[in-house]
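Trainee: Can you keep this structure in mind? I'll have questions shortly.
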Amino acid sequence: WGCSREIWRGGLFKRGFKETAFLYAISSAGLTHAMAKACSAGRMERCTCDEAPDLENREAWQWGGCGDNLKYSNKFVKEFLGRKPNKDLRARVDFHNNLVGMKVIKAGVETTCKCHGVSGSCTVRTCWRQLSPFHEIGKQLKQKYETSLKVGSTTNEATGEGDISPPKKSIPGHSDQIPRTTDLVYIDDSPSFCLMSRYSPGTSGRKCYKDKNCDSICCGRGHNTQSRVVTRPCQCQVRWCCYVECKQCTQREEVYTCKD
Numbered sequence: 002w003g004c005s006r007e008i009w010r011g012g013l014f015k016r017g018f019k020e021t022a023f024l025y026a027i028s029s030a031g032l033t034h035a036m037a038k039a040c041s042a043g044r045m046e047r048c049t050c051d052e053a054p055d056l057e058n059r060e061a062w063q064w065g066g067c068g069d070n071l072k073y074s075n076k077f078v079k080e081f082l083g084r085k086p087n088k089d090l091r092a093r094v095d096f097h098n099n100l101v102g103m104k105v106i107k108a109g110v111e112t113t114c115k116c117h118g119v120s121g122s123c124t125v126r127t128c129w130r131q132l133s134p135f136h137e138i139g140k141q142l143k144q145k146y147e148t149s150l151k152v153g154s155t156t157n158e159a160t161g162e163g164d165i166s167p168p169k170k171s172i173p174g175h176s177d178q179i180p181r182t183t184d185l186v187y188i189d190d191s192p193s194f195c196l197m198s199r200y201s202p203g204t205s206g207r208k209c210y211k212d213k214n215c216d217s218i219c220c221g222r223g224h225n226t227q228s229r230v231v232t233r234p235c236q237c238q239v240r241w242c243c244y245v246e247c248k249q250c251t252q253r254e255e256v257y258t259c260k261d
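Each residue of the sequence shown is one higher than the one before, starting from 2 at the first, in my numbering.
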């Protein structure tokens, strides 16, 4: 699956595949991350830097800097997503996966500190909360995508509300594990992404890395090798003030693409 854009992605959103689960999770994570960063950067009128009255061992440092405002972004995104749906399984699954994305953001918050003192000593530390880089969030969600769980629906007899649960019938190759709040879940088995369909452009002509993933991405069809000359920025230097100046260098490289 190449996380294709435009018409292919629209088809995925209409079904409950594990790829759909990943798209919902990374979208909510992206919105949460961007909002928190925008607050700390002063790009939002309604929020500012994070305040952290609950930091442990406050006596060891001074609260300062400008932390990423996760509290505000979480509140905004939850209001944007709306209430948890009660009956429709697909809506509950989408809501669940949205929350997974937000939880990965929250789990990645770290306390970053800077020392202040004479001759490099650390007499005083100024600390603030900072989110993980988004590429790290993406890696974690990719791992959750690979271990996602297929689910069905049950009704809570006490409340009448629907719950996400393992499928009623045991499915070969699928776990009967009860999904956790941090697991990505899906309801439909994924189609093949090797050939063109309403969900995918297929992998014909797709670039790959010879020694890493060509066998997998090309679905066993083999790959073509093409040599070409490319021009790239090189020998870059930062000039005062404030831009980067680069030379243009040419080099020959091999490009690998999947066969039809």
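C-beta atoms are modelled at their ideal positions from N, C-alpha and C, and glycine is treated no differently.
With a CB to CB cut of under 7 angstroms and the five nearest residues on each side skipped, what residues in its chain are close to MET103?
Mentor: Only SER29, ALA30, THR33, ASN75, VAL78 meet the Cβ criterion.
Trainee: Which stretch, first to last residue, makes up the alpha helix (DSSP H) that contains TYR146?
Mentor: Segment 135–147, the alpha helix (DSSP H) holding TYR146.
Trainee: Can you tell which of VAL230, GLN238, GLN236 has the C-alpha that lies nearest to the C-alpha of GLN252?
Mentor: Considering only alpha carbons, the answer is VAL230.
Trainee: Go through its chain and collect everything with a Cβ distance to GLN178's Cβ below 8 angstroms, but skip five positions before and after it.
Mentor: Excluding residues within five positions, the ones whose Cβ falls inside 8 angstroms are LEU150, PRO167.
Trainee: Pick helix, strand or coil for SER193, following the three-state DSSP scheme.
Mentor: DSSP places SER193 in coil when its eight states are reduced to three.
Trainee: Please identify the residue among GLU246, LYS260, GLN236, GLU137 whose C-alpha is closest to the C-alpha of SER217.
Mentor: That would be LYS260, whose Cα lies nearest to the Cα of SER217.
Trainee: If you reduce the DSSP assignment to three classes, tell me which class THR49 lands in.
Mentor: If DSSP states are grouped into helix, strand and coil, THR49 belongs with coil.
Trainee: How many Å lie between ASN70 and GLN227 at the Cα?
Mentor: Cα to Cα, the separation comes out at about 48 angstroms.
Trainee: For the 8 angstroms Cβ check, are there 3 or more pairs between the segment 107–126 and the segment 89–97?
Mentor: Cβ pair count under 8 angstroms is below three, so no.
Trainee: What residue range does the alpha helix (DSSP H) around SER41 cover?
Mentor: First-last of the alpha helix (DSSP H) with SER41: 19–41.
Trainee: Going by other Cβ atoms of all chains shown within 10 Å of its Cβ, with 16 needed for buried, is TRP241 buried or exposed?
Mentor: Its Cβ having fewer than 16 others within 10 Å, TRP241 is exposed.
Trainee: Between the Cα of ARG130 and the Cα atoms of SER191, CYS237, LYS143, CYS67, which residue gives the shortest distance?
Mentor: It is CYS67 whose Cα lies nearest to the Cα of ARG130.
Trainee: Since ASN225 is in the beta strand (DSSP E), which residue starts that stretch and which ends it?
Mentor: Here the beta strand (DSSP E) through ASN225 covers 224–240.
Trainee: Can we say the segment 85–93 touches the segment 131–143, given the rule of at least three CB pairs closer than 8 angstroms?
Mentor: No: fewer than three Cβ pairs fall under 8 angstroms.
Trainee: At which residues does the alpha helix (DSSP H) containing LYS104 begin and terminate?
Mentor: Taken as a continuous stretch (DSSP letters only), the alpha helix (DSSP H) holding LYS104 covers 90–108.
Trainee: Whose CA, out of CYS195, ILE138, CYS250, lies closest to the CA of CYS220?
Mentor: When only C-alpha atoms are compared, the closest one is CYS195.
Trainee: Using DSSP bridges, identify the partner residues of LYS151.
Mentor: Its beta-bridge partners are TYR187.
Trainee: Considering only their Cβ atoms, is the gap separating ILE106 from LEU132 smaller than 8 angstroms?
Mentor: Contact flag set, yes.
Trainee: Can you give me the Cβ contacts of HIS224 inside the same chain, cut-off strictly under 8 angstroms, excluding the 5 residues immediately before and after it?
Mentor: Only CYS209, LYS211, CYS215, TYR257, THR258, CYS259, LYS260 meet the Cβ criterion.
Trainee: What's the call for PHE14, buried or exposed, on a 16-neighbour Cβ count within 10 Å?
Mentor: Exposed, since its Cβ has fewer than 16 Cβ neighbours within 10 Å.
Trainee: If you follow the beta strand (DSSP E) that LYS115 is part of, which residue opens it and which one closes it?
Mentor: Unbroken beta strand (DSSP E) run through LYS115: 111–117.
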